[in-house]
Structure formats: C-alpha cells, structure tokens
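Numbering (the working numbering), first residue to last: 441 to 523.
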C-alpha cells in the first residue's frame, strides 16, 4: 500500500503500532501476515515466507524488528481491508 500510494500520488499513511499477541524472536526483520483485533495483532496460521495462504486470511502485514521477545510492531493494512 505505501508503494502504490506513492506511485499514484496519494498520501502515504504511516504504519500504526500494535502489540503482538505473543512475543516473537528473530535474527532478522520479518514481515508477517496478521489479523488485526483492535490494538492486538495475531499472526496467521500460515506465515512462512512462501505461504500465500496466510496472506489471503490476513488483515495486514506486521513489520517485526529483529531481536529477542519483540512485543510491538508496525502494521500496514492490506488494500482489501481499507473499505
């Protein structure tokens, strides 16, 4: 959505910050499909790098920074969830 907004001249919305339902530990920054429940995000069941099925069930993408027990992340809503 941020890239498409920029290319089409629409204002780019800043990602909102949300709490993960459970801490995530990773050596690299991850982008995970999530469902949004208010200020809490829940990773979809299918969240591997090649799992488009997880994206089909997702409300947004969580950008989870690398580190131990990360509990907050930026969330980008998916275009089909904007209406």
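C-beta atoms are modelled at their ideal positions from N, C-alpha and C, and glycine is treated no differently.
At least three beta-carbon pairs within less than 8 Å, the stretch 486 to 493 to the stretch 455 to 465 | Fewer than three Cβ pairs drawn from the stretch 486 to 493 and the stretch 455 to 465 lie within less than 8 Å of each other, which leaves the two stretches out of contact.
Quick one: what's got a C-beta closer than 6 Å to residue 517's C-beta in the same chain, skipping five residues either side?
-> So the list reads 500, once near-sequence residues are dropped.
Put residue 447 into one of helix, strand or coil per three-state DSSP.
-> Under the three-state reduction of DSSP, residue 447 is assigned to helix.
Residue 497 to residue 484, Cα distance in whole Å?
-> Each residue's Cα considered, the two are about 7 Å apart.
In chain order, what residues of the same chain lie with their CB nearer than 6 Å to the CB of residue 476, ignoring the 5 residues before and after it?
-> In its chain, beyond the 5 residues on either side, 499, 500 have a beta carbon closer than 6 Å to the beta carbon of residue 476.
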